[in-house]
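Peer 1: Note that the sequence shown covers residues 1 to 357 in the UniProt record's numbering.
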Amino acid sequence: MNERTDRHDDRRTGRPPAAPRPRHPARALFWRLFVINGLVFTAGTLVLALSPATVSSPVLLTELPVLTVGLALIITANALLIRRSLAPLDALTTLMRRVDLLRAGDRLTDSGNGDLAQLIGTFNEMLERLEAERSASSAHALAAQEGERRRIARELHDEIGQSLTVALLELKRVVDRAPEELRGELCSAQETVRASLDEVRQVARRLRPGVLDDLGLHSALSALGSDFSQASGIRITRDVDPRLPALSEEVELVLYRIAQEGLTNVARHSRARQVELSLTEEDGRLILRIADDGCGGAQTEGAGIRGMRERALLIGARLTVDSPPGGGTDVRLVVPPGSTSPPVSSSRPVSSSPHTW
1 MNERTDRHDD RRTGRPPAAP RPRHPARALF WRLFVINGLV FTAGTLVLAL SPATVSSPVL
61 LTELPVLTVG LALIITANAL LIRRSLAPLD ALTTLMRRVD LLRAGDRLTD SGNGDLAQLI
121 GTFNEMLERL EAERSASSAH ALAAQEGERR RIARELHDEI GQSLTVALLE LKRVVDRAPE
181 ELRGELCSAQ ETVRASLDEV RQVARRLRPG VLDDLGLHSA LSALGSDFSQ ASGIRITRDV
241 DPRLPALSEE VELVLYRIAQ EGLTNVARHS RARQVELSLT EEDGRLILRI ADDGCGGAQT
301 EGAGIRGMRE RALLIGARLT VDSPPGGGTD VRLVVPPGST SPPVSSSRPV SSSPHTW
């Protein structure tokens with residue numbers, strides 16, 4: 001009656017309808033337990049009142065077994081009902097202990113437990129909010145990191161690289177004019193400067209691969225595999241599906257960085273002789289896979305894998321790392337449908353056939 005009156009008053013005054021009163025989980029839980037205990041004790045009282053059993057004063061020894069059995073039945077029924085009613089709290093506690101913001105999508109489903117549904121829903125909303133905030137903060141941090149990498153790579157290429165190039169040309173001119181007894185030492189210095197120039201270019205390319213911006217993901221993965229094989233001596237097989245849809249720049253960058261970090265981990269820790277790098281499409285999903293035949297057995301996740309998980313969250317992808325002892329390591333990134341951009345015309349060449357270096 002009061003709610004109807006309030007609604008009519010709101011319509012007459014033009015005010016928005018009042019929000020429903022929030023339900024308090026603690027109060028709802030109290031009433032749940034109160035009702036359960038009340039029903040159990042009421043049922044016990046009715047059974048005692050309607051049954052032919054009597055209780056004498058003082059209690060006779062023959063009546064003690066009946067009272068004991070009745071009390072045990074009441075306690076057992078009460079315990080079973082309360083345990084069943086509070087079972088979602090155990091599941092909620094288990095989820096709280098295992099929840100990880102880098103592994104999104106872990107939720108507790110409501111199984112029709114009435115008043116506890118609000119508590120479960122509130123916890124799921126909290127997880128969604130925390131995951132969204134974590135994803136947003138990671139996006140800002142990684143964007144700033146990529147911007148800083150781009151700036152450093154440009155400075156290495158434009159400033160240090162050009163300075164070393166000028167020094168290399170000056171040394172060449174000095175070598176041509178130097179006497180024979182000094183030419184050997186000057187040639188050695190020239191080779192040192194040339195090696196330093198190559199290292200600067202490699203560092204700049206690792207910081208921000210220009211081939212990714214100019215030629216696309218296929219060519220960037222090809223160059224990444226070639227550089228990895230030359231630097232580590234590990235044989236790598238690359239297989240990129242030529243029928244991949246057009247990808248956004250963000251997705252391409254995430255795929256490239258995860259492949260780069262995965263190959264770096266292989267070179268540092270796996271002691272592998274062969275590694276497979278593949279990018280395929282299955283049922284609308286993109287699957288990036290880096291698998292090696294190394295020692296495996298990675299029990300703890302370091303900064304590299306956690307960084308890969310943070311990047312995966314930016315595009316809503318899921319990263320799994322399977323590393324049984326002695327069975328190598330299999331890193332798999334699954335990008336769900338909808339993460340690709342609309343098809344756009346591009347003149348960047350695409351390499352379609354598998355390659356082995």
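Glycine is no exception: its CB is placed at the ideal position from the N, C-alpha and C atoms.
If I follow the unbroken alpha helix (DSSP H) through Ala223, where does it start and stop?
Peer 2: The residue given as residue 223 occupies position 223 in the sequence shown. First-last of the alpha helix (DSSP H) with Ala223: 217-232.
Peer 1: In its own chain, which residues sit with a C-beta less than 7 Å from the C-beta of Asn37, not counting the 5 before and 5 after it?
Peer 2: Counted from its first residue, the sequence shown places residue 37 at position 37. Here the set comprises Asn78.
Peer 1: State buried or exposed for Thr329, treating a residue as buried only when at least 16 other CB atoms are found within 10 Å of its CB.
Peer 2: Sequence index remark: in the sequence shown, residue 329 carries index 329 (1-based). Of the residues assessed, Thr329 falls on the buried side of the cut-off, its CB having 16 or more other CB atoms within 10 angstroms.
Peer 1: Any contact between the stretch 234-246 and the stretch 266-282? By contact I mean 3 or more CB pairs, one from each, below 8 Å.
Peer 2: yes
Peer 1: Note down the Cα distance separating Leu253 from Leu212, rounded to an integer number of angstroms.
Peer 2: Working through the sequence shown from its first residue, we reach residue 253 at position 253. Working through the sequence shown from its first residue, we reach residue 212 at position 212. Their backbone Cα atoms lie some 8 Å apart in a straight line.
Peer 1: Does the separation of the CB atoms of Gly44 and Ile82 fall below 9 Å?
Peer 2: Within the sequence shown, numbered from 1, the residue matching residue 44 stands at position 44. Within the sequence shown, numbered from 1, the residue matching residue 82 stands at position 82. Against a cut-off of 9 Å, the Cβ pair of Ile82 and Gly44 comes out as no contact.
Peer 1: Taking the beta strand (DSSP E) that Thr320 falls in, what are its first and last residues?
Peer 2: Taking the sequence shown and counting its residues from 1, the one referred to as residue 320 is at position 320. Residue range 318-322 is occupied by the beta strand (DSSP E) that includes Thr320.
Peer 1: Evaluate contact between the stretch 304-312 and the stretch 286-293, counting only Cβ atoms and requiring at least three cross-stretch pairs below 8 Å.
Peer 2: no
Peer 1: State whether the stretch 127-137 contacts the stretch 179-197, with contact taken as three or more CB pairs (one from each stretch) at a distance under 8 Å.
Peer 2: no
Peer 1: Taking Cβ positions, are Gly161 and Leu197 nearer each other than 9 Å?
Peer 2: Numbered from its first residue, the sequence shown carries residue 161 at position 161. Numbered from its first residue, the sequence shown carries residue 197 at position 197. A contact, by the Cβ cut-off of 9 Å.
Peer 1: On the DSSP letters alone, give me the boundaries of the beta strand (DSSP E) that Leu279 sits inside.
Peer 2: If you number the sequence shown from 1, residue 279 lands on position 279. Counting along the chain, Leu279 sits inside the beta strand (DSSP E) bounded by residues 274-282.
Peer 1: Give every residue of the same chain whose Cβ lies closer than 6 Å to the Cβ of Ser138, excluding the five residues on either side of it in the sequence, and list them in chain order.
Peer 2: Within the sequence shown, numbered from 1, the residue matching residue 138 stands at position 138. Excluding residues within five positions, the ones whose Cβ falls inside 6 Å are Glu310.
Peer 1: Applying the criterion that 16 or more other CB atoms from any shown protein chain within 10 Å of the CB defines a buried residue, is Gln190 buried or exposed?
Peer 2: Taking the first residue of the sequence shown as position 1, residue 190 is located at position 190. Only buried fits Gln190, as 16 or more other CB atoms lie within 10 angstroms of its CB.
Peer 1: Measure the beta-carbon distance from Phe228 to Leu263 and round it to whole angstroms, keeping in mind my assumption that it falls under 8 Å.
Peer 2: As a first step, residue 228 must be located in the sequence shown, where it is residue number 228. As a first step, residue 263 must be located in the sequence shown, where it is residue number 263. Their Cβ separation, rounded to whole angstroms, is 5 Å, which keeps Phe228 and Leu263 in contact under 8 Å.
Peer 1: Starting from Ile236, follow the alpha helix (DSSP H) in both directions and report where the run begins and ends.
Peer 2: In the sequence shown, residue 236 corresponds to position 236, counting from 1. Where Ile236 is concerned, there is no enclosing alpha helix (DSSP H), although the beta strand (DSSP E) it sits in stretches over 235-240.
Peer 1: With 16 other CB atoms within 10 Å as the buried threshold, where does Gly216 fall?
Peer 2: Taking the first residue of the sequence shown as position 1, residue 216 is located at position 216. The residue is buried, with at least 16 neighbouring Cβ atoms inside 10 Å.
Peer 1: State the DSSP-derived secondary structure class of Leu244, mapped to helix, strand or coil.
Peer 2: Within the sequence shown, residue 244 is the residue found at index 244, counting from 1. In this structure, DSSP gives Leu244 a state outside helix and strand, which the three-state scheme calls coil.
Peer 1: Am I right that Leu247 and Val203 are in contact with their C-beta atoms under 8 Å? What's the rounded C-beta distance?
Peer 2: Residue numbering aside, residue 247 sits at position 247 when the sequence shown is read from its first letter. Residue numbering aside, residue 203 sits at position 203 when the sequence shown is read from its first letter. Actually they do not touch by this definition, with Cβ atoms about 26 Å apart.
Peer 1: Give the secondary structure of Asp292 by DSSP, where H, G and I count as helix, E and B as strand, and everything else as coil.
Peer 2: To locate residue 292, count along the sequence shown from 1; it is residue 292. If DSSP states are grouped into helix, strand and coil, Asp292 belongs with the strands.
Peer 1: Ordered along the chain, which non-local residues of its own chain (more than five positions away) have a Cβ less than 8 Å from that of residue 358?
Peer 2: Lying before the first or after the last residue shown, residue 358 is absent from the chain, which here runs from 1 to 357.
Peer 1: In the DSSP assignment, find the unbroken beta strand (DSSP E) run with Val59 in it and report its ends.
Peer 2: Locating residue 59 in the sequence shown gives position 59, counting from the first residue. From DSSP, Val59 is part of no beta strand (DSSP E); its letter is neither H nor E.
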